[in-house]
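Comments concern the structure below.
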Amino acid sequence: MSIELSQFIPSFLEESFEGLELMESSLLSLQPGDDEAINSIFRAAHSIKGGAGTFGFDQVTEFTHLVETLLDEMRDGRREIAQADIEILLDSVDCIRILIEAARDDTSYDEDKIAKTSQALEQTLNTSQSVTSNENSPKADSGLTLWNILFVPEHHLVQTGNDPLLLFSALADLGFLSVQAKINELPALTDMDAEEIYIGWQLELKTYASEADIREVFEWVEDECRLEISQMEAVNLPAEDVPKKEVNTSEEAIESSPEIAAKPTAPSEKDDTPSPLSQSNQQAPTANKQDKSSPKAKQEVGSIRVGVDKVDMLINLVGELVITQSMLSELGNDFEMNKVERLTSGLEQLLQNTKELQESVMRIRMLPISFAFNRFPRLVHDLSKKTGKEIELVIKGEQTELDKTVMEQIGDPLVHLVRNAVDHGIEFSDVRVAKGKPAKGTITLDAYHLGGNIVIEINDDGGGIDREAVFNKAVEKNIIEPTTSLSDSQVFDLLFEPGFSTAKELSDISGRGVGMDVVKRNIQALGGRIQVESTPGKGSTFKVNLPLTLAILDGQLVRVGTETYIIPLITIVESLQAKSELINRVSGDVILYRLREDNVPVIPIYQLFNICADSESIDDALLVVVEADGLKIGLMVDDLLAQQQVVIKSLEDNYQQVEGISGATILGDGSVAMILDIPGMIQLATHRAQRNQQVNIQTKIAEGETV
Amino acid sequence: MDIQALATEVPIEGEYSLEGVDFITNGEQYLTFLLDTEQYAVDILCVEEIRSWENPTKIPNAPIYVKGVINMRGVIVPIVDLRLKFNIGKAKYTETTVVIVLTVESNQKSRTIGFVVDAVSDVLNAEENEVKAAPTIGGCVPLHFVTGLINVGDNVVTLLNVEALQAIEKHKSIQG
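Chains as they are written, first to last, in my numbering: chain A, 5 to 711; chain B, 89 to 264.
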């Protein structure tokens, strides 16, 4: 049994989590009489149980067994599907997840919750003529037991790849094992087939393990042997007589023959698990292995499932690339000037191949956004139960693809936004009916591509944002002056200010201190934006605009003096030639440019970065107006160059973070160009201005003293 | 242009590279280089490559001795002018100006930085006991950069601590 099973554990975990997700989503949409849904839930539970058994995750097996029994009754129509049952099953899904995670990380878990849920499950089962759930539990008390095992394999057993020696060493891991061969069936030497097995065995095993544990050892050969397991007597030996097993012995035991392996080896006990589920305090050998492999599993978190079509496409493209390459190298072998045309067309082909290859490789990292959306049906279900609001969740565009890294990091902000929509957006049913709206509120999640970006919309048909309340709150919190006049969108942007919460009382759903400012910051860290639209009485929409990938950026190349910089295209509002009559100088040295109604402060890049520029005069200069943190500024540049996609490279790897610079990239000619970090530049300019002011004040004071 | 013909002209490795270098040695090997007229050395195992000077891309508001960054086969490598850092000689950039690219692994992170020097001179063999302590009367080179001194004939070579060289002081965010 101790074949290197541990190598399959990561795939088991992955499949289990997928199974759990399937169970969850099917449970949420379960309608009475929907046999297909119940079947798929049952299948998922069954494969988790089977897998967990194979890998020795006993707690998982036992718990899932209860769930499976309940599901089985539903499947056979012995039980009506009640809402209460579904709730219990949903809780069970959580429990199985907790158990599997605990088994994966080898950590402790919330035993109370598991115990409570399993009790609830058992109660539910007992209300009908349910099958006994735990046939092994009465025998699984912790006393030492002497088992008598008769094991007579069929002659062809070894031909199916099974080895009795391995079985015995697995048994020896459970306790004291003594082996006696029965050779009475041995044929005469002339009749013997060297590839068959004729021996039977009589085994005596003194162990803490339950019958189920022993049977598990024979799981793979059950159908190919005669197996009789009987309990001889309960041996009341003090526990110390069976020495605690060291971590490594399981491997030693595998190598040693069963006779030698009969030396005292008992798997380590887990005495920190007093819950009824963990009665079997023996762990199968593989569980010991798990101790060692779990840190590895944690490191391997980053795996992606890629569709075969995507891989096929890649292989096709690589094939074409190879053809192009061989064509070019043949051309280069014997090159004459009259072949220039062929060279150009070959290079064009190479360009095409490379582009397609790049796109395909990027697509491998792309996953449909349903991975992020999947958790919301459950979330909304739970929230609506908790708040007593009736809510329907509509999900659209779940096939829209998004980079895996972005997906992982957008999950939490989205959860926050959905919670917010439930808590603050949707009204209670009576209020809704009074307003003439359907009693059931609707939250819509939508995702779609727009240019090089993905837009995720979270829409609710609730009361909308109370503009006045937001405004007053902001005044109260000293975020703005009472006299400020703001546009609607500027008012809604106040929601994302740190320390802002309009909820009249804190609820444990959204008002938990982590505010919308964190949401905004997270989204900005991904290079995205968030916008709010709201109509009083009709509801609000939060639009999250994200780049498709973090590795590539759409940039505008600009030139200042001899240097080339890249401005992220997403930050650019517009580019224009400054007209001298629209330039104003205020408060000393600040240049303001009148852009329609706004006064946009101008930052000359050459000044900020201490470099030389072609032209240091603002008149007729080129301005790139960018926006960050809700602030518009004009960057003064010498020239606008091309727009292109650039691959972001880190400066921190070999150097350090540079203020105003988010990274570097390599341009087509092999030179390096810096990517501008607009919020960082604004900060840099602000700091510098503050310091200059202080220096001024200090020199003033110093002058005053000398006078 | 016949590539095959070109390929045969390229000398087989070993014909050149082994010549004049004594590989049979017990001690450490050091690469020596010139800053103005003074000789310095670094552990040869840290040397990634030696390249000719090319104009790097400037890093905004960097210290004066950080000349910028270059693209070394897809990796962004900062360039530090040792002459400016130690204030030795004049920082002129001619055809013989070279950049020694050094890689050091510390805390499981490797860092690659190029250093501008006047010229690369030799590979030096030295046993550990040949490395003498540096004088405490410091010159332009701060003491923590110096591992020791090695006597080579009549000359003295200053052995530099590569890890210390690679530590880059945090930017002063505002410089006037």
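Virtual Cβ for every residue (Gly too), placed ideally from N, Cα, C.
Note that the C-beta distance between glycine 565 (chain A) and aspartate 642 (chain A) is below 8 Å. For lysine 117 (chain A), the enclosing alpha helix (DSSP H) covers residues 115-130. A distance below 8 Å separates the beta carbons of asparagine 658 (chain A) and proline 166 (chain B). Beta-carbon to beta-carbon, valine 459 (chain A) and valine 548 (chain A) are separated by about 7 Å, close enough to satisfy the 8 Å threshold.
A check of alpha carbon separations from leucine 561 (chain A) across A:Gly392, A:Ile571 and A:Thr553 identifies A:Ile571 as the nearest. The bridge partners DSSP lists for arginine 199 (chain B) are B:Val192. The beta carbon of glycine 664 (chain A) sits closer than 8 Å to some beta carbon of chain B.
Less than 8 Å separates the beta-carbon of leucine 530 (chain A) from that of leucine 550 (chain A). No residue range can be given for lysine 180 (chain B), since it is assigned to no alpha helix (DSSP H) and is classified by DSSP as neither H nor E. The beta-carbon of lysine 146 (chain B) is placed less than 8 Å from the nearest beta-carbon of chain A. For glycine 667 (chain A), same chain residues with a beta-carbon under 7 Å away, outside a window of 5 residues either side, are Ile652, Lys653, Ser654, Leu655 and Ile679 in chain order. Secondary structure within the segment 32-63 of chain A: the alpha helix (DSSP H) runs of 4 or more consecutive residues, fully enclosed, are 39-59 (chain order). Selection B:Val204, B:Glu251 and B:Tyr118 evaluated against proline 144 (chain B) yields B:Val204 as nearest (Cα-Cα). With respect to chain A, the C-beta atom of arginine 199 (chain B) has a partner C-beta closer than 8 Å. Per the coordinates, the alpha-carbon of histidine 453 (chain A) lies some 8 Å from the alpha-carbon of glutamate 405 (chain A).
When rounded, the separation of the alpha-carbon atoms in threonine 545 (chain A) and arginine 219 (chain A) is 58 Å.
Under the DSSP assignment, asparagine 213 (chain B) falls in the beta strand (DSSP E) whose first and last residues are 207-214. Contact annotation for isoleucine 158 (chain B) against chain A: Val676 [CB-CB distance below 7 Å, chain order]. Counting only the Cα atoms, arginine 82 (chain A) lies some 41 Å from isoleucine 308 (chain A). Two segments are said to touch when three or more pairs of C-beta atoms, one from each, lie closer than 8 Å; by this definition the segment 603-613 of chain A does not touch the segment 534-543 of chain A.
In the DSSP annotation of this structure, the continuous segment of the alpha helix (DSSP H) that includes tyrosine 610 (chain A) starts and ends at 609-613. The continuous beta strand (DSSP E) containing glutamine 581 (chain A) extends over residues 576-581. Around isoleucine 615 (chain A), the beta-carbon contacts reaching into chain B at under 8 Å are Lys146 and Pro148.
Under DSSP, tryptophan 151 (chain A) shares a beta bridge with A:Leu209 and A:Gln235. The three-state reading of DSSP puts phenylalanine 377 (chain A) in helix, counting H, G and I together. With its beta carbon at least 8 Å from every one in chain A, proline 151 (chain B) lies outside the interface. The three-state reading of DSSP puts lysine 146 (chain B) in coil, since its state is none of H, G, I, E or B. Below 8 Å, enough C-beta pairs join the segment 166-184 of chain A and the segment 198-208 of chain A to call them touching: three or more. By the rule that beta-carbons nearer than 8 Å mark a contact, tyrosine 597 (chain A) does not touch chain B. Secondary structure of histidine 453 (chain A) (DSSP, three-state): strand. The beta carbon of lysine 653 (chain A) sits closer than 8 Å to some beta carbon of chain B. Annotated three-state conformation of leucine 552 (chain A) is coil, per DSSP. If you compare the alpha carbons of B:Thr120, B:Leu231, B:Gly241 and B:Val157 with that of phenylalanine 174 (chain B), the shortest gap goes to B:Leu231.
Each of A:Met366, A:Glu345 and A:Phe339 was checked against the Cα of methionine 317 (chain A), and the nearest Cα belongs to A:Met366. Using a 10 angstroms sphere on the CB of cysteine 99 (chain A), the tally of other CB atoms reaches 16 or more, which defines it as buried.
In the DSSP assignment, lysine 653 (chain A) is bridged to A:Ala668.
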